[in-house]
Amino acid sequence: MNDRLAGIRQEILSGIEQHAESRAAAFELRKQFLDSKTGKIGRMMKEMKNIAPEERAVFGKSINELKEWAQQKFSELDERLKAKELERRYESEKIDVTMPAQCVETGNLHPVTQIRNQLMDIFVGMGFEVAQTREIEKDYYNFEALNIPKDHPARDMQDTFYLSPEFLLATQTSAAQIHTMEKKKPPIKIVAAPGKVFRSDDDATHSPMFHQMEGLVVDERITLCDLKGMLELFAKKIFGEETTTRLRPSYFPFTEPSVEVDVSCFSCGGKGCRLCKGTGWIELLGAGIVNRKVLENCGIDPDRYSGLAFGIGLDRAAMLKYGVNNVKLLFESDLRVLRQINDN
Ligand code: DAH
Numbered sequence: 153m154n155d156r157l158a159g160i161r162q163e164i165l166s167g168i169e170q171h172a173e174s175r176a177a178a179f180e181l182r183k184q185f186l187d188s189k190t191g192k193i194g195r196m197m198k199e200m201k202n203i204a205p206e207e208r209a210v211f212g213k214s215i216n217e218l219k220e221w222a223q224q225k226f227s228e229l230d231e232r233l234k235a236k237e238l239e240r241r242y243e244s245e246k247i248d249v250t251m252p253a254q255c256v257e258t259g260n261l262h263p264v265t266q267i268r269n270q271l272m273d274i275f276v277g278m279g280f281e282v283a284q285t286r287e288i289e290k291d292y293y294n295f296e297a298l299n300i301p302k303d304h305p306a307r308d309m310q311d312t313f314y315l316s317p318e319f320l321l322a323t324q325t326s327a328a329q330i331h332t333m334e335k336k337k338p339p340i341k342i343v344a345a346p347g348k349v350f351r352s353d354d355d356a357t358h359s360p361m362f363h364q365m366e367g368l369v370v371d372e373r374i375t376l377c378d379l380k381g382m383l384e385l386f387a388k389k390i391f392g393e394e395t396t397t398r399l400r401p402s403y404f405p406f407t408e409p410s411v412e413v414d415v416s417c418f419s420c421g422g423k424g425c426r427l428c429k430g431t432g433w434i435e436l437l438g439a440g441i442v443n444r445k446v447l448e449n450c451g452i453d454p455d456r457y458s459g460l461a462f463g464i465g466l467d468r469a470a471m472l473k474y475g476v477n478n479v480k481l482l483f484e485s486d487l488r489v490l491r492q493i494n495d496n
């Protein structure tokens, strides 16, 4: 009898040594001995009734001791395996706090959107309201009301995509002037966006789709001086404090007089370089005093009110500011280009 108990004890010891690599295996091993119905110790307990009554007490005591010993062994084993498992987990989930962090890439706005936002901020800061431009216009708004009648040579300057005799893809944002003046009476002070316009024109500096921003101020006694002062302030804000502007005479049917506004070259400071083609000046926008006929077309009395208007090419401004030499680079969605221009 004592041999049997010693045998089981030995079995348990070698079992623990050989098989118990995981807690699951240890649990199975424990069951082989300690399960009350099928376990070896459990079964011996059941044999009690076959033992002679005078031996029963000794037998029972020995079995109980074995049972307690086995329970003790198995719970020690379980503790050991638990600690080992935890250690293994810590090892596999180890975090190296000295590793460089993985960058979360965030997108940035398109260069033309960045420029547009900057311009809008500047003009809104000067008290301008923001109006909407349209991509599809009537011939009347895009040309006719802007003093560009059907046979006017100025129509040739803007190769137009016609959708029908009446409708076309906007070739300029100036139509926003008419829409605004039809709805609102002076004082008017608006910039119009988002400014998508289209012309049948395609080379390194021209894209068939490009962007403009239109500005219009109408009030009593608005003069070219207001235009010059305002654009000078604007140029300094966008290209730097040292920037100056000059006005050159030009021609647009909807303004009289009309000017082209140049800014001093912000790359060479006016000395002459490749960007300004040696002239020291960079052409930035068209502007002028709103033609009396345009005011009349919108029911505004040209003897009482006058206005100034300007139109800025946003793609051109973005190309100048960010040193992009081909307008196509702005629209090819090449991430290598777009990533470099983050000016928010
Ligand atoms: N619409 C003209 C163009 O696309 C730009 C322009 C010139 C706008 C003079 C104006 C302006 O408002 O006064 O070439």
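Read in the working numbering, the sequence shown has 325 at position 173, and its numbers run on one by one without any break. For every residue, glycine included, the Cβ atom is placed at its ideal position computed from N, Cα and C.
- Our two residues, G194 and L218, have alpha carbons roughly 11 Å apart in a direct line.
- Note: L321 is bridge-paired with I288 in the DSSP secondary-structure output.
- In terms of side-chain proximity, the C-beta atom of T397 is found no nearer than 6 Å to any non-hydrogen atom of the ligand DAH.
- At the C-beta level, T325 and Q364 come within 7 Å of one another.
- Residue state for D414 is assigned as strand, using DSSP reduced to three classes.
- Apart from the 5 residues on each side of it in sequence, I267 sits with its Cβ closer than 6 Å to the Cβ of L466, A469, A470 in its chain, given in chain order.
- K389: member of the alpha helix (DSSP H) spanning 376–391, first to last residue.
- If you look at D495, you'll find it isn't in any beta strand (DSSP E); DSSP assigns it neither H nor E.
- The beta carbon of L472 sits closer than 7 Å to those of I434, all from its chain and outside the five residues before and after it, given in chain order.
- Relative to the Cα of I164, the nearest Cα in the group Q224, M197, I452, G459 belongs to Q224.
- Using a 10 angstroms sphere on the CB of Q329, the tally of other CB atoms reaches 16 or more, which defines it as buried.
- A distance criterion of 6 Å places the beta-carbon of T407 in contact range of the ligand DAH, judged by its closest non-hydrogen atom.
- Boundaries for I342: no alpha helix (DSSP H) harbours it, while the beta strand (DSSP E) harbouring it runs 340–345, taken from the DSSP string.
- At a Cβ-Cβ threshold of 7 Å, G381 and F462 do not count as neighbours.
- Around the beta-carbon of C255, fewer than 16 other beta-carbon atoms lie within 10 Å, marking it exposed.
- Contact between the segment 267–282 and the segment 307–321 is absent: fewer than 3 CB-CB pairs across the two stretches fall below 8 Å.
- Excluding five sequence positions before and after L157, the CB atoms of its chain that fall closer than 6 Å to its own CB belong to S214, L218, given in chain order.
- Residue environment for D273: exposed (fewer than 16 other C-beta atoms within 10 angstroms of its C-beta).
- In the three-state reduction of the DSSP assignment, K246 falls in the coil class.
- Here the alpha carbon of K480 sits roughly 28 Å from the alpha carbon of D291.
- Between the alpha carbons of N443 and K335 lies a distance of about 18 Å.
- The Cβ-Cβ distance between F391 and F362 does not fall below 7 Å.
- Taking C-beta separations shorter than 8 Å and ignoring five residues to either side along the sequence, E484 has no partners in its chain.
- Between A439 and V413, the beta carbon gap of about 6 Å places them in contact (Cβ cut-off 8 Å).
- Under the Cβ criterion (8 Å, minimum of three pairs), the segment 171–184 counts as touching the segment 229–241.
- Following the DSSP letters along the chain, one finds H363 in no alpha helix (DSSP H) but inside the beta strand (DSSP E) bounded by residues 361–371.
- For R351, no alpha helix (DSSP H) run applies, since DSSP gives it neither H nor E.
- Contact between the segment 399–407 and the segment 421–428 is absent: fewer than three C-beta pairs spanning the two stretches fall below 8 Å.
- Under the three-state reduction of DSSP output, V476 falls in the coil class, being neither helix nor strand.
- Across the structure, D308 and R351 are spaced so that their CA atoms are roughly 11 Å apart.
- Pairing T375 with A387 gives a Cβ-Cβ distance that is not under 7 Å.
- Counting only residues of its own chain and dropping the five nearest sequence neighbours on each side, P360 has a CB closer than 7 Å to the CB of F350, R351, S352, D353, D354.
- Per DSSP, P263 is one residue of the alpha helix (DSSP H) stretching across 263–277.
- Measuring C-alpha to C-alpha distances from D371 to each of Y314, H358, L385, K337 identifies K337 as the nearest.
- K302 and K445 have their C-alpha atoms spaced approximately 16 Å apart.
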